[in-house]
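Colleague: Residue numbers (our numbering): 4 to 105.
The C-beta atom is built at its ideal place from N, Cα and C for all residues, glycine as well.
Can you keep this structure in mind? I'll have questions shortly.
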Ligand SMILES: [Zn+2]
Ligand SMILES: [Zn+2]
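This is the structure:
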């Protein structure tokens with residue numbers, strides 16, 4: 004199940020389950036949209052993949068107990084910001100490749 008992490012790894016901004024600003028990579032590395040667009044340039048610093056908007060998990064039990072009440076968001080903060088210069092070196096070649104071809 005997707006781990007709904009509570010904050011942006013880069014700037015530690017709160018990203019509650021209903022946030023429309025949360026972005027994730029395929030390994031669930033979680034950042035805010037502003038950091039993905041600026042410092043990260045849509046390159047995940049942990050895996051080199053791209054990002055997509057994180058889906059909203061329903062807060063209401065619409066069907067089959069598949070909702071936040073049964074499967075709450077994680078509270079484990081992963082604040083491990085990248086050094087922007089180091090990330091530029093890491094991401095400069097990768098960034099030229101479209102995410103679907105990385
Ligand atoms: Zn951020
Ligand atoms: Zn990643």
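Please list the terminal residues of the continuous alpha helix (DSSP H) segment that includes residue 76.
Modeller: Against the chain shown, residue 76 aligns to sequence position 73. Careful: residue 76 lies outside any alpha helix (DSSP H) and carries neither H nor E.
Colleague: I'd like to know if the segment 22–36 and the segment 46–60 are in contact, where contact means that at least 3 CB-CB pairs between them fall below 8 Å.
Modeller: Touching, per the Cβ criterion.
Colleague: Could you pull out every residue in the same chain whose Cβ sits closer than 8 Å to the Cβ of residue 73, ignoring the five residues on either side in sequence?
Modeller: Taking the first residue of the chain shown as position 1, residue 73 is located at position 70. Contacts found: 64.
Colleague: With DSSP collapsed to three states, give me the class of residue 35.
Modeller: As a first step, residue 35 is located in the chain shown; it is residue number 32 there, counting from the start. Residue 35: strand per DSSP, three-state reduction.
Colleague: Decide if residue 8 is buried, meaning its Cβ has at least 16 other Cβ atoms within 10 Å, or exposed.
Modeller: Here residue 8 is taken as the residue at index 5 of the chain shown, counted from 1. Residue 8 comes out buried.
Colleague: Starting from residue 97, follow the beta strand (DSSP E) in both directions and report where the run begins and ends.
Modeller: As a position in the chain shown, residue 97 is number 94, starting the count at 1. Taken as a continuous stretch (DSSP letters only), residue 97 belongs to no beta strand (DSSP E), being part of the alpha helix (DSSP H) at 87–98.
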